[in-house]
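In what follows, a structure is listed as structure tokens, so that the remarks can point back to it.
In my numbering, the protein residues as written are 0 to 318.
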């Protein structure tokens, strides 16, 4: 580099924190999310082909259960990656949150989704990457202000992006929590041997005595009852399950990508760590039209270039 700017001395522990975190988040964004997406798509294709060929109900049910399992895997991936930012279980250890993302916790996904209806806006902001809990409630803009950088346009864009993302995530987490509540039970049945109730030996009967002809029945793990879909055709169940898996993949990808913004602003060579331009600093996850066009233009075009030894803010450093 012609103007190589060394990284600050107060960088986090590179070997135990910085590099493992970056490696894990890169694997989530570039490998795990695409792999889970592909597995879900394959299971969906097989199930829809089985349905289109008008195969017996038990074959259709088995194919749909496979899709449910893939969707559960997507939901668990998202929870394992996002939950450490709002449900820390290993305390303030020197190797950071990356270790929590690799640690199996049987109740983590359940706590993550089924507690989300009680989350404050700030808690959603921790998941979205707009706020940090060390110190609580701080943002990347606070760090920039400490370094002497101030731009009212960026302050407004940050506030708009944070508010819009919080509204979007709150709405989407309602869907994730509802779908997780059902799918985790079907997923447990699949995990413990695909305990399908054959249609030739049982029927799903509603309280009014009516038989549900398209019910997908599975024994509930460690319980006496059975699970069954109600008032939904197999095709509708597939669409519903597909939506849950795809949304979970998007969540995992978003969380990983937003955390990589800072780590990818550091480079390494034989001389040590150095700073790279900082791009897409302010994250957002919104619907089309949720943010003004001028805000989107600023967020997507924002780049912060580092200048060696300049104690004063430099307007030319921001594009």
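The C-beta atom is built at its ideal place from N, Cα and C for all residues, glycine as well.
A quick note: this is a predicted structure, and the numbers were derived from the prediction, not measured.
Alpha carbon of residue i to alpha carbon of residue j, nearest angstrom
| i | j | result |
| --- | --- | --- |
| residue 115 | residue 88 | 17 Å |
| residue 241 | residue 35 | 12 Å |
| residue 333 | residue 58 | Past the edges of the chain, shown from 0 to 318, lies residue 333, and the structure says nothing about it. |
| residue 161 | residue 85 | 17 Å |
| residue 176 | residue 270 | 48 Å |
| residue 69 | residue 30 | 16 Å |
| residue 12 | residue 154 | 30 Å |
| residue 47 | residue 128 | 37 Å |
| residue 170 | residue 110 | 18 Å |
| residue 101 | residue 208 | 47 Å |
| residue 257 | residue 39 | 24 Å |
Exposure label - residue i; buried when at least 16 CB within 10 Å
| i | result |
| --- | --- |
| residue 373 | Summary: the structure shown does not reach residue 373, with the chain confined to residues 0 through 318, and so no result is reported for it. |
| residue 233 | buried |
| residue 125 | buried |
| residue 83 | buried |
| residue 201 | exposed |
| residue 293 | exposed |
| residue 313 | Residue placement at residue 313 cannot be trusted, given a pLDDT of 49 that sits under 50; what the coordinates show is reported in the next sentence. By the neighbour-count rule (16 or more Cβ atoms within 10 Å), residue 313 is not buried but exposed. |
| residue 283 | buried |
| residue 130 | buried |
| residue 267 | exposed |
| residue 27 | buried |
Rounded Cβ spacing between residue i and residue j (contact assumed at less than 8 Å)
| i | j | result |
| --- | --- | --- |
| residue 273 | residue 4 | 6 Å |
| residue 112 | residue 167 | No, residue 112 and residue 167 are not in contact; Cβ-Cβ is about 16 Å, not under 8 Å. |
| residue 67 | residue 250 | Not confirmed; about 18 Å, so no contact. |
| residue 63 | residue 236 | 6 Å |
| residue 262 | residue 275 | Going by Cβ atoms, the distance from residue 262 to residue 275 rounds to 10 Å, so no, they are not a contact pair. |
Residue i vs residue j beta-carbon contact at 7 Å
| i | j | result |
| --- | --- | --- |
| residue 81 | residue 107 | no |
| residue 255 | residue 56 | no |
| residue 285 | residue 163 | yes |
| residue 290 | residue 99 | no |
| residue 45 | residue 195 | no |
| residue 123 | residue 140 | no |
Reference residue i; option with closest CA among the options
| i | options | result |
| --- | --- | --- |
| residue 304 | 283, 295, 285, 279 | 279 |
| residue 54 | 198, 282, 307 | 198 |
| residue 73 | 50, 42, 51, 47 | 42 |
| residue 14 | 97, 86, 32 | 97 |
| residue 75 | 246, 236, 119, 128 | 246 |
| residue 299 | 306, 307, 277 | 277 |
| residue 119 | 49, 12, 165, 201 | 165 |
| residue 50 | 238, 287, 132 | 238 |
| residue 152 | 296, 33, 306 | 296 |
| residue 146 | 184, 7, 104 | 7 |
| residue 301 | 19, 150, 288 | 150 |
Proximity test, residue i beta-carbon vs the ligand ADP heavy atom, cut-off 6 Å
| i | result |
| --- | --- |
| residue 129 | Judged by which ligands are present, the structure shown has none, so any question about the ligand ADP falls away. |
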